[in-house]
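For reference, the structure is listed below as structure tokens.
Residue numbers (the numbering used here), protein chains in the order written: chain A, 495 to 586; chain B, 495 to 586.
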């Protein structure tokens, strides 16, 4: 898997990431992975659904996995943050 | 699947839903499904991860699926909202 096919979901609007997903799929014509942490998880699901419903109808969700990471918070302590990865591919 | 084993994630704190998940698993000793829409999706992932990491270590995520629903908005129009369902079970 090419690193270029991972789309990290952050604070930009949903459509910005939809565009990134479609660009990734145009270049590689294969698979794209959406990665998000914390509150961006909801947005990752929105991006997946918007691309699938409005732009690329043969896009299928291959796998979704969730996990926990430890991140250092501003006060120096460690805190747990959930993440999601949604792997999608143009299906047959 | 018993209706009682579906936990709908809303505006309560994460721990409230963790408790609901653990209660559901105690009664049925089988499977529980977390359902969430929109911004509660991130919280659903948090609930799944907190229960798995801190309370029930043999809990496994069996399946995660995402979808889109049409809901009527306050101004009477329809809008799309993403949802997630996370199905979890004890053991193998």
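Think of the CB as a built atom: it goes at the ideal place given N, C-alpha and C, for glycine as much as any other residue.
Selection of the region 532–557 of chain A by Cβ proximity to chain B, strictly under 7 Å: 532, 533, 535, 536, 539, 540, 542, 543, 547 and 555
According to the neighbour-count rule (16 or more other Cβ atoms, all chains shown, within 10 Å of its Cβ), is residue 557 (chain B) buried or exposed? The residue given as residue 557 (chain B) occupies position 63 in the second chain. Exposed, since its Cβ has fewer than 16 Cβ neighbours within 10 Å.
Please decide whether residue 503 (chain A) counts as near chain B, where near means a Cβ-Cβ distance under 8 Å. Within the first chain, numbered from 1, the residue matching residue 503 (chain A) stands at position 9. Closer than 8 Å: no.
At a Cβ threshold of 8 Å, is residue 576 (chain B) touching chain A? For this step, residue 576 (chain B) is matched to residue 82 along the second chain. Under the Cβ distance rule, residue 576 (chain B) counts among the residues neighbouring chain A, one pair being separated by less than 8 Å.
Indicate whether residue 554 (chain A) and residue 576 (chain B) have their beta-carbon atoms separated by less than 8 Å. In the first chain, counting from the first residue as 1, residue 554 (chain A) sits at position 60. In the second chain, counting from the first residue as 1, residue 576 (chain B) sits at position 82. No. Outside cutoff.
Apart from the five residues just before and just after residue 500 (chain A), which ones in its own chain have a Cβ nearer than 7 Å to its Cβ? Residue numbering aside, residue 500 (chain A) sits at position 6 when the first chain is read from its first letter. Listed in chain order, the non-local C-beta contacts of residue 500 (chain A) below 7 Å within the same chain comprise 527 and 529, local neighbours out to five positions each way being set aside.
For residue 536 (chain B) versus residue 559 (chain B), is the C-beta spacing smaller than 8 Å? Start at 1 with the first residue of the second chain, and residue 536 (chain B) comes out as number 42. Start at 1 with the first residue of the second chain, and residue 559 (chain B) comes out as number 65. Contact flag unset, no.
Would you mind stating whether residue 574 (chain A) and residue 562 (chain B) have Cβ atoms separated by less than 8 Å? To locate residue 574 (chain A), count along the first chain from 1; it is residue 80. To locate residue 562 (chain B), count along the second chain from 1; it is residue 68. Going by C-beta atoms, residue 574 (chain A) is not nearer than 8 Å to residue 562 (chain B).
In chain A, what lies closer than 8 Å to residue 500 (chain B) by C-beta? For the purposes of this step, residue 500 (chain B) is taken as the residue at position 6 of the second chain. The premise fails here: residue 500 (chain B) is roughly 18 Å from chain A at the closest Cβ pair, so nothing lies under 8 Å.
With H, G and I counted as helix, E and B as strand and the rest as coil, what does DSSP make of residue 546 (chain B)? As a working mapping, residue 546 (chain B) is identified with position 52 in the second chain. Helix at residue 546 (chain B).
With DSSP as the reference, please indicate the residues paired to residue 499 (chain A) in a beta bridge. Stepping through the first chain from its first residue, residue 499 (chain A) is reached at position 5. Per DSSP, none; premise fails for residue 499 (chain A).
How many Å lie between residue 532 (chain B) and residue 551 (chain A) at the Cα? In the second chain, the residue the question calls residue 532 (chain B) occupies position 38. In the first chain, the residue the question calls residue 551 (chain A) occupies position 57. Each residue's alpha carbon lies about 21 Å from the other.
For residue 511 (chain B), which residues in the same chain have their Cβ closer than 7 Å to its Cβ, ignoring the five residues on either side in sequence? As a first step, residue 511 (chain B) is located in the second chain; it is residue number 17 there, counting from the start. Excluding residues within five positions, the ones whose Cβ falls inside 7 Å are 501, 503 and 541.
CB contact flag (residue 543 (chain A), residue 582 (chain A), <8 Å): As a working mapping, residue 543 (chain A) is identified with position 49 in the first chain. As a working mapping, residue 582 (chain A) is identified with position 88 in the first chain. In this structure, residue 582 (chain A) does not lie closer than 8 Å to residue 543 (chain A) by Cβ.
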